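K.L.:
Protein chains in written order, with my numbering: chain P, 11 to 546; chain Y, 356 to 424.
Just so it is clear, CB atoms sit at the ideal spot from N, CA and C, and this is done for glycine as well.
In this text the structure is predicted, and so the values were computed from the model without any measurement.
Below you will find the structure I want to go over with you.
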């Protein structure tokens, strides 16, 4: 640990400074009343283009991306680069969808995807399914942010869990105090730090390693020498379809997460969203370069930190690379960027999870006559509980297991696509058909994940998301993203179920939304701030 | 978004929206660019071209945004 003193001092200083900003945030753009859920959870819904850009970017590009994507590129090669096409595809894909979501949410006062589903399909059961799916998928995501911080701490030679507990106590305290304002303000600092670190990394490190040519050649040499079929410095016949479906499936899933929607709903009007969809890819460029840190680590001969259980922790590859290549003080800055990069999304995610619980479970099932301040209070407490749960995940479970949980989370959140995303376009599906499709998608997704082994870690089940088509009787070594196949099952069952329930004349729910609601914009009389007490 | 005439339902449809298909489809057609050569600044084709698709994405969404707002 003696060799890391400078890094540690710089890291701690920046971390404390930024946390201080979190507490000040409650005074920034001060509302009249922070005691209502609307103010606390959605920042008063008054964010313009710039803040929305930082806020949405802040929760989509997390510490985990910073740590895990290059780790995947380091160990699997080209396949790990899927993160780039994924973020290129996602914005044009949701460009129109999110504008509709914004409009209908602002007309009816929706805060969560489940709110929308409840009103659109007149089905509290379907809304509950969507809410629980969102909660279950979000929690491991928060836990993973801790994996990011932990990787940095490990690279500085710090073991033990106390520092993480302290970091999350700070996070919990300032989100409790300031709601969404805290991450929105800190996101500026986080992004500035990340841009500085990445620019330095992609100019300085390649120069040290003899240029990009030799970095890619080193990667090619490494993967040519390995016998494994899943890796390679380009795609091969086996993983090409996996690459495409993983990129596309991840893009479909991204805005189904409740926390991505929080940032979108907090924007001022439809145009702010559309403008952001064209400006957010600036982050993709950074992401692509971050992914290539994995190849730089290969060229630099970086060795991941070996944990207490004797297994190398691939997630430490980027922090160790920084330690190796940068002067100590700058490695400290880079670590702070990763650490703060974990706090912003964790804060936004826990707020979104809290909103989900408060509105779709607490108000719907536990206390139907909750007042504004009761709701805000429950939300604050749930956001604490969620964070404590995330810390417990890390303390009690093998970190590898939290990564698997996240993988499962991606597959299950995709199963809300037919009711949430397609629901914005069509009311054709029968509510019972959608519930059947959701259940079938979940079941088949779990079944596929169960069948996927991981030869590298010797695990028999839940070893990845690449489902071999040979399991279905095809004579091929092609693999497909399990979530994508599960979604196809979901859609097929939902469509068949719809036809069946219609034919059997099973009652369908009422649609509380009108066609025009999907196009309403700021300044129109029916576009309003949240109606928290009324029920729709 | 323009306000529709009375009696005419509002819509977000526009021929410009078709432009959004380009940045969705192009990055997913891996068979077109799964190759090492030609390299650009040391980057193999597979890597630099996908980075270049970001520019395609930004251009297309910006055009659609400007033409339909």
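Report all residues from its chain with a CB closer than 8 Å to the CB of residue 471 of chain P; omit the five preceding and five following residues, and keep chain order.
P.N.:
Excluding sequence neighbours, residue 471 of chain P sits near 459, 460, 461, 462, 463.
K.L.:
Is there a Cβ of chain P sitting closer than 8 Å to that of residue 404 of chain Y, yes or no?
P.N.:
Output row for residue 404 of chain Y: interface = no.
K.L.:
Does residue 232 of chain P get closer than 8 Å to chain Y when you measure Cβ to Cβ?
P.N.:
Residue 232 of chain P does not count as touching chain Y.
K.L.:
Can a CB atom of chain P be found closer than 8 Å to the CB of residue 375 of chain Y?
P.N.:
Chain P, which has a Cβ nearer than 8 Å to the Cβ of residue 375 of chain Y, makes this yes.
K.L.:
With a CB to CB cut of under 7 Å and the five nearest residues on each side skipped, what residues in its chain are close to residue 361 of chain P?
P.N.:
Closer than 7 Å at the Cβ level, and outside the excluded window around residue 361 of chain P, lie 51, 185, 189, 190, 272, 393.
K.L.:
Smallest Cα separation from residue 390 of chain Y: which of Y:419, Y:403, Y:414?
P.N.:
Of Y:419, Y:403, Y:414, the residue nearest in Cα terms is Y:403.
K.L.:
In chain order, what residues of the same chain lie with their CB nearer than 7 Å to the CB of residue 374 of chain Y, ignoring the 5 residues before and after it?
P.N.:
Counting only Cβ-Cβ distances below 7 Å, and skipping sequence neighbours, we find 415, 418, 419.
K.L.:
Pick out whichever of P:21, P:98, P:142, P:212 has its Cα sitting closest to the Cα of residue 398 of chain Y.
P.N.:
Checking every option, the nearest Cα to that of residue 398 of chain Y belongs to P:212.
K.L.:
Among P:366, P:303, P:323, whose alpha-carbon lies nearest the alpha-carbon of residue 165 of chain P?
P.N.:
Selected option, being the one with the closest Cα: P:323.
K.L.:
For residue 367 of chain Y, tell me which candidate among P:435, P:473, P:442 has the shortest Cα-Cα distance.
P.N.:
Considering only alpha carbons, the answer is P:435.
K.L.:
What is the residue span of the alpha helix (DSSP H) that residue 258 of chain P lies within?
P.N.:
That run of the alpha helix (DSSP H) goes 250-264.
K.L.:
What is the residue span of the alpha helix (DSSP H) that residue 158 of chain P lies within?
P.N.:
Where residue 158 of chain P is concerned, the enclosing alpha helix (DSSP H) stretches over 134-165.
K.L.:
Rounded to whole angstroms, how far is the Cβ of residue 552 of chain P from the Cβ of residue 475 of chain P, which I believe are closer than 8 Å?
P.N.:
What is shown of chain P runs 11 to 546, which leaves residue 552 of chain P out entirely.
K.L.:
Do the CB positions of residue 336 of chain P and residue 347 of chain P come within less than 8 Å of each other?
P.N.:
Not in contact: residue 336 of chain P and residue 347 of chain P (Cβ atoms no closer than 8 Å).
K.L.:
Please list the partners that residue 270 of chain P has in chain Y, where partner means a Cβ-to-Cβ separation under 8 Å.
P.N.:
The premise fails here: residue 270 of chain P is roughly 17 Å from chain Y at the closest Cβ pair, so nothing lies under 8 Å.
K.L.:
Suppose you measure from the CA of residue 443 of chain P to the CA of residue 453 of chain P; what does that come to, to the nearest Å?
P.N.:
If I take the Cα positions, the gap works out to 15 Å.
K.L.:
Is there a Cβ from chain Y that is less than 8 Å from the Cβ of residue 536 of chain P?
P.N.:
Cβ-Cβ to chain Y under 8 Å: no for residue 536 of chain P.
K.L.:
Have a look at the DSSP bridge pairing and note the partners of residue 395 of chain Y.
P.N.:
Looking at the DSSP assignment, residue 395 of chain Y forms a beta bridge with Y:398.
K.L.:
Quick one: does residue 288 of chain P have its CB under 8 Å from some CB of chain Y?
P.N.:
It does: the Cβ of residue 288 of chain P has a partner Cβ on chain Y nearer than 8 Å.
K.L.:
Quick one: give me the first and last residue of the beta strand (DSSP E) that residue 476 of chain P is part of.
P.N.:
First-last of the beta strand (DSSP E) with residue 476 of chain P: 476-478.
K.L.:
For residue 560 of chain P versus residue 32 of chain P, is the C-beta spacing smaller than 8 Å?
P.N.:
Residue coverage of chain P in this structure runs from 11 to 546, which leaves residue 560 of chain P outside it and unanswerable.
K.L.:
For residue 396 of chain Y, return the contacting residues in chain P, with the cut-off set at a CB-CB distance below 7 Å.
P.N.:
Residues of chain P passing the Cβ test: 222.
K.L.:
Thinking just about the alpha-carbon of each residue, which of P:107, P:140, P:135 is nearest to the one in residue 122 of chain P?
P.N.:
Residue P:140 is the option with its Cα nearest to residue 122 of chain P.
K.L.:
Identify each residue in the region 138-160 of chain P for which the Cβ-Cβ distance to at least one residue of chain Y is less than 8 Å, and report them in chain order.
P.N.:
Within the region 138-160 of chain P, no residue qualifies.
K.L.:
Leaving aside the five residues before and after residue 357 of chain P along the sequence, list all residues of the same chain whose C-beta is less than 7 Å from its C-beta, in chain order.
P.N.:
Same-chain partners within the cutoff: 181, 185, 192, 193.
K.L.:
With distances taken Cα to Cα, identify the nearest neighbour of residue 518 of chain P among P:321, P:266, P:136.
P.N.:
When each option's Cα is compared against that of residue 518 of chain P, the closest is P:136.
K.L.:
Closer than 8 Å, CB to CB, is residue 383 of chain Y near chain P or not?
P.N.:
Yes, residue 383 of chain Y lies at the interface with chain P (some Cβ there is under 8 Å from its Cβ).
K.L.:
For the alpha helix (DSSP H) that residue 491 of chain P lies in, which residues bound it at each end?
P.N.:
First-last for residue 491 of chain P: 489-491, but that is the beta strand (DSSP E), not the alpha helix (DSSP H).
K.L.:
Taking the alpha carbon of residue 270 of chain P as the point to measure from, which residue in P:79, P:534, P:342, P:366 has its own alpha carbon closest?
P.N.:
Residue 270 of chain P has its Cα closest to that of P:366, out of P:79, P:534, P:342, P:366.
K.L.:
Where in the region 171-250 of chain P do unbroken runs of the beta strand (DSSP E), each at least 3 residues long, occur, reported from the N-terminal end onward?
P.N.:
Complete beta strand (DSSP E) runs here, min 3: none at all.
K.L.:
With 16 other CB atoms within 10 Å as the buried threshold, where does residue 514 of chain P fall?
P.N.:
Under this definition residue 514 of chain P is an exposed residue.
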